[in-house]
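For reference, the structure discussed in these notes is given below.
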Amino acid sequence: MTRCVIVLCGLDGAEVDRCEIEGIGQDEPPLVLDRVARALQRLLNGRGTRPESIVGVGVAAGGRGFSPGRKLDAASVDSWESFPIEEELAARTGFAVIRENDANCAALGEYWTTGGSPTRDFITLYLAYGIGCGLIIAGAIYRGVSGNAGEIGHTLAVANGPLCWCGRRGCLDTIASPRAVAEQIVANPTLRAICDVTRETEFGEIYRRFGQLVKDGNEPARRLFRATADHLSGAVNDLVNILDLDLVSLAGPGFADLGEEYRSAIDEQLATFALTRGVRPITVRLGTGGADAAARGAASVVLHRELTPHRSVAAP
């Protein structure tokens, strides 16, 4: 999960080429963007792509979005949230750059590549380092007043649970995200031994080993998965009830190994508890973008903004 994927897409949203480079790690934003700009140039040179044929560059990034010029609370903002990604990457590449939340990218990519109806309403649950949710309402991304709609990871999962960075205890992100699962494994001697990991093992590798144990039928691993999936499914059920939806798509690297298992758990929850279960079927499906959904969706954000007339529901 700690990687950076760059995809080159055509005007139909289909992937033409891709490359994968070292992820963010502990590096500061300028160093990471230097790396991205070089990789992008290599990708274009390798295909002989002319710069003037590029419509723009979309960047899928986690974390909160802020309006330009807004004064930020430094105590609650990390170096990436306060960094002007669009301006800095544009200066390095010469292309117009659009930054979008990774969950929104995945949702819009799903909408664009499947030819969805302009009246289609659905959510894309995005599982990576944390848990996010992209909302497509009447064929457009719903961003909310500040551009931060869809933060399902900060809904309450367990009263008085683990402390979240947002300041509250028991957020879904602290219980059911891949990072939280990895932390629970490391803190549990039995699970740590079963997964054959240490406190120094990268969380993505811990989660990958956990996924394989779940698939292999290991009971301690399956117990943790069932608890995690139950919390995640409950949050999705709440959102489906609030928005009256009939489609949920799942995207992101967190679903790469356990996608079908999560899909089945969420489907069972909705079939049992969704208020509209007897009115119409509710579909839960794995997204078309796979683990690279956000990267492909970032290209779709550019296409959606530059090439299609659409009603804006975005924050200014």
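In this note's numbering, the protein residues as written are 817 to 1132.
Ideal Cβ positions, reconstructed from N, Cα and C, are used throughout, including at glycine.
Exposed unless 16 or more other CB atoms sit within 10 angstroms - verdict on residue i
i	result
I1058	exposed
V1117	buried
V1013	buried
V961	exposed
A842	What sits at residue 842 in the sequence shown is Gln, not Ala. Exposed: under 16 other Cβ atoms inside 10 Å.
V1095	exposed
N917	buried
K887	Residue placement at K887 is flagged as unreliable, the pLDDT there being 42, under the threshold of 50; the coordinate-derived value follows with that caveat. When all chains shown are included, K887 counts as exposed.
R922	One point to set straight first is that residue 922 is Ala, not Arg, in the sequence displayed. Its Cβ being crowded by 16 or more others within 10 Å, A922 is buried.
L847	exposed
G829	buried
T935	Per-residue confidence for T935 stands at a pLDDT of 48, beneath the threshold of 50, marking its modelled position as unreliable; no derived number is given.
G885	Because the pLDDT of G885 is 46, which lies under 50, any placement of that residue in the model is unreliable, and the number read from its coordinates should be weighed accordingly. So G885 ends up on the exposed side.
A890	With a pLDDT of only 38 at A890, under the threshold of 50, the placement of this residue in the model should not be trusted; the figure read from the coordinates follows. Burial call: exposed.
S869	exposed
W981	exposed
A1045	buried
R854	exposed
E811	Summary: the structure shown does not reach residue 811, with the chain confined to residues 817 through 1132, and so no result is reported for it.
E1199	Absent from the model: residue 1199. The displayed extent of the chain is 817 to 1132, so no value can be given.
T1006	exposed
G950	buried
N1053	buried
T1099	exposed
Spatially closest choice to residue i from the options, by CA coordinates
i	options	result
T1040	R1008, R819 and V821	Residue 1040 is actually Leu in this sequence, not Thr. Closest by alpha carbon: R1008.
A1109	T1092, A1081, L1086 and G1070	G1070
A919	G878, G829, A956 and I901	G878
R880	R1101, D1054 and A965	A965
H1047	V1064, L972 and A1114	L972
T1104	R959, G969, H970 and L924	L924
C987	P845, V1064 and G946	G946
Q1000	P978, V873, G963 and A1115	P978
L1029	D1073, R851 and A1067	D1073
D1032	V1064, I1010 and P1005	I1010
R858	G874, S869, G872 and I837	I837
V875	N861, L860 and E903	E903
G963	R1038, E1077 and R915	R915
Bounding residues of the alpha helix (DSSP H) (the contiguous stretch that carries residue i)
i	result
F938	Looking at the DSSP string, F938 is not in any alpha helix (DSSP H); the run it does join, the beta strand (DSSP E), is F938 to L943.
D1054	E1035 to L1059
D1083	G1075 to F1089
R1025	F1019 to D1032
G874	Here G874 belongs to no alpha helix (DSSP H); instead the beta strand (DSSP E) covers V873 to A877.
V779	Here the chain comprises residues numbered 817 to 1132, so residue 779 is not present and cannot be evaluated.
R908	I901 to T909
Extent of the continuous beta strand (DSSP E) run through residue i
i	result
D1065	Checking the displayed sequence, the identity of residue 1065 turns out to be Ser instead of Asp. Its beta strand (DSSP E) spans residues L1063 to A1067.
V868	In the sequence on display, residue 868 carries Glu and not Val. That residue, E868, is in no beta strand (DSSP E); it is neither H nor E in DSSP.
T1099	T1099 to L1102
E916	V913 to N917
D833	E831 to E838
G948	I947 to I953
L824	R819 to C825
Enumerate, from N- to C-terminal direction, the unbroken beta strand (DSSP E) stretches of 3 or more residues contained entirely within the segment 980-1014. none
Within 8 angstroms, do at least three Cβ pairs link the segment 986-994 to the segment 898-910? The segment 986-994 and the segment 898-910 do not touch, with fewer than three beta-carbon pairs separated by less than 8 angstroms.
Tell me whether the segment 854-867 and the segment 822-835 touch, counting them as touching only if at least three CB pairs, one residue from each stretch, are closer than 8 angstroms. yes
Take every Cβ of the segment 970-988, pair it with every Cβ of the segment 1072-1092, and state whether three or more of those distances are shorter than 8 angstroms. no
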